[in-house]
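This report refers to the structure that appears directly beneath it.
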Amino acid sequence: MKILLAQINSTVGDFKGNFEKIRRVLADSGDADLVVFPECSLSGYPPQDLLDYKRFAETSEWYANQLVEAEPKKSFIFGSVEKNVEMGRPYRNVAIFSSHGKIIGKYFKRLLPSYDVFDEDRFFEAGRSALIVPFQGEKIAITICEDIWSEAVGTFLHNRYQQNPLEDSKNATLHINLSASPFEYAKVKAKREMLERIVSRYKIPFLYVNSVGANDSLIFDGRTYAWDAEGKLLAEGKAFQEDLIKIDLKSESKSLSYSENSDIKNIYDALILGIQDYCRKQNFSSVVLGLSGGIDSSVVACLAGDALGADNVFGVLLPSRFTSSHSNEDAIALAKATQSPVHILAIEEVFQACLRTLSKTFEGCEPNVTEENLQSRTRGILLMAISNKFGNLLLTTGNKSELAVGYCTLYGDMCGGLAPISDLYKTQVYELGREANRRAKRIPERVFEKAPTAELRENQFDQDTLPPYERLDKILKALLEDFSSPEDLANQGFDLAEVQKISQWLNQTEYKRFQMPLGLKVSSKAFGIGRRLPLVSRFS
């Protein structure tokens, strides 16, 4: 049997666009006996509170029926959303098996994730039974994404369930899983190992068809896989690209080797896709960002250029009296190397006008961080004005380390519509910079060597306020992603007083992150919808 695995990029709620994309794939499927699409390929994933609108599911069902009727010569499986006609939650996450103009099977997702970025139990009713469809001499078992995660074990993946849907499909001769599994850089290898365990345990061919593309903060990496009954890898879909993978389960084929990329290369490619899709799906054709001559803005400029093309990335230098000559030189050198248009807007005059306006109000007060933040907010005003005037999307350049401890200014450097590196610690941003230069030499070497600084006062450096990033990032990762306590870290050799101070910063600045732009998620715990903490809390 010849099967086409269609790793496609769907947009949430774009039923017409997704419908047409599915039909184009079917039209080009050639002699494939069966075409398989990812989870929610018709509706897009995740629909979130669009499901509060009944018309969402009604539209999904209408297009699903149209799709089945429009393809009387094809057999295919696709994912979508439909109303639940039984007791329970109002909707179902469904896989529909259509063959020659008729629906020959429907499978309802049984394990509904309700952790991190997922909240499927909010709207979906869980399925209660397996689906095994006889088709061309095979007995095909269908599952949807999380249904196979009861096989997750190890330090990174966790089994959260008391049931295993795979156990109900032991009589099948072929297993197909439709997924919309978001990318996390530490999950790539662990997920593949989980899938291999499934093949080894059940000893039937296994097809895993994953979404690709980005919807809001979530990035889907594709990497569709196919194994035979002996665990031989038959096919692997491209990472971060749409791909059509054709396999023949009956033919002899040699075992493939997995493509291996470093975490940093995966992250870089993921962020390119995240920027591309957010701009494309939100109808932005260009972006603007402030260039400081530091590593953060340099990396964001490279990512944006690789995602959208240099002509569509507008850099703005915003020097003040505290901006060093080398910062300006490095920012201009980057702009020349990337061949992106650049503007230079000195902020001194605007800054002084603000100080004069506030002079009577601030009379008798000593200068402090207020004046530093005023410079950042002056830059924010100018960048937002350019964004408004020309319709560019403003990219913020803050990293996870700064955001975690509140080393950022509300309505200043936090202004923007998308935060591409907000889920990357400072040390990872330096690694991304090296990866950017491996692809094309753009970032001056001095940017990697000089001490990080916000340049908001004379001779200011980040390490005047913060621990060295090499140490700070290890502590933050333990607190944010491993849920360690300060005492846990003290037992690992970290200074307890320093860890408690960092933990206090983390707790006290949640209100800032609540107002930050949308960030692109690449780790197991990012700031955003997957980390919802009360702003008013006495728990430390």
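Residues 66 to 605 in the numbering used here are what the sequence shown spells out, letter by letter.
Yeah, the Cβ is synthetic: ideal placement off N, Cα and C, and Gly gets one too.
- The beta carbons of isoleucine 73 and lysine 86 sit about 6 Å from each other, so the pair counts as a contact at 8 Å.
- Beta-bridge analysis with DSSP links tryptophan 292 to Phe271, Leu298.
- Annotated three-state conformation of alanine 160 is strand, per DSSP.
- A distance below 7 Å between beta-carbons, with the five flanking residues on each side excluded, links asparagine 502 to the following residues of its chain, in chain order: Ile508.
- Taking the Cα of glutamate 147 as reference, the smallest distance to any Cα among Ala135, Leu115, Ser363, Glu216 is reached at Leu115.
- Taking 4 residues as the minimum length, the alpha helix (DSSP H) runs contained wholly in the segment 457–510 are 465–470, 491–504, in order along the chain.
- In this model, lysine 506 and alanine 402 are separated by some 8 Å (Cα to Cα).
- With fewer than 16 neighbouring CB atoms inside 10 Å of its own CB, leucine 600 falls in the exposed class.
- Checking the DSSP bridge columns, you'll see serine 316 has no partner listed.
- With a 10 Å radius around the Cβ and a threshold of 16 neighbouring Cβ atoms, alanine 195 comes out buried.
- Counting of Cβ neighbours within 10 angstroms places valine 150 among the exposed residues, the total staying below 16.
- In the structure shown, serine 215 adopts helical secondary structure according to DSSP, grouped into three states.
- In the three-state reduction of the DSSP assignment, arginine 421 falls in the helix class.
- The DSSP assignment places complete beta strand (DSSP E) segments of no fewer than 3 residues inside the segment 117–152 at 140–148, in order along the chain.
- Glutamate 317 counts as exposed, since fewer than 16 other beta carbons sit within 10 angstroms of its beta carbon.
- Threonine 403 carries a helical assignment under DSSP once its states are collapsed to helix, strand and coil.
- Judged by beta-carbon spacing, valine 364 lies within the 8 Å limit of leucine 497, meaning their Cβ atoms are closer than that value.
- Secondary structure in the segment 339–363: the beta strand (DSSP E) runs of 3 residues or longer, each lying completely within the stretch, are 352–356 in chain order.
- Within the DSSP bridge table, the entry for glycine 278 names Phe285 as partners.
- Beta-bridge pairing by DSSP links phenylalanine 579 to no other residue.
- Counting the other Cβ atoms within 10 Å of the Cβ of phenylalanine 248 gives 16 or more, which makes it buried.
- The count of Cβ pairs closer than 8 Å, one atom from the segment 485–499 and one from the segment 329–344, reaches three, so the stretches are in contact.
- Take the alpha-carbon of tyrosine 290 and the one of valine 274: they are about 7 Å apart.
- Excluding sequence positions up to five before and after lysine 256, its CB lies less than 6 Å from no other CB in the same chain.
- Per DSSP, the unbroken alpha helix (DSSP H) holding leucine 554 starts and ends at 551–556.
- For the 8 Å CB-CB criterion, leucine 354 and threonine 443 do not form a contact.
- Judged by DSSP secondary structure, lysine 542 falls outside any beta strand (DSSP E) and instead within the alpha helix (DSSP H) spanning 534–545.
- DSSP places asparagine 326 outside both helix and strand once states are collapsed to three, so it counts as coil.
- Taking a contact as a CB-CB distance under 8 Å, the pair leucine 382 and valine 407 counts as one, their CB atoms being some 7 Å apart.
- A direct Cα-to-Cα measurement between leucine 554 and valine 564 gives close to 7 Å.
- By the criterion of at least three beta-carbon pairs nearer than 8 Å, the segment 388–397 is not in contact with the segment 415–433.
- The count of Cβ pairs closer than 8 Å, one atom from the segment 237–251 and one from the segment 574–589, reaches three, so the stretches are in contact.
- Taking the C-beta atoms as reference points, alanine 304 is found no nearer than 8 Å to isoleucine 340.
- Boundaries of the beta strand (DSSP E) harbouring glutamine 72: 67–72, taken from the DSSP string.
- Between the alpha carbons of phenylalanine 379 and alanine 279 lies a distance of about 23 Å.
- Bridge partners of alanine 304 according to DSSP: Gly287.
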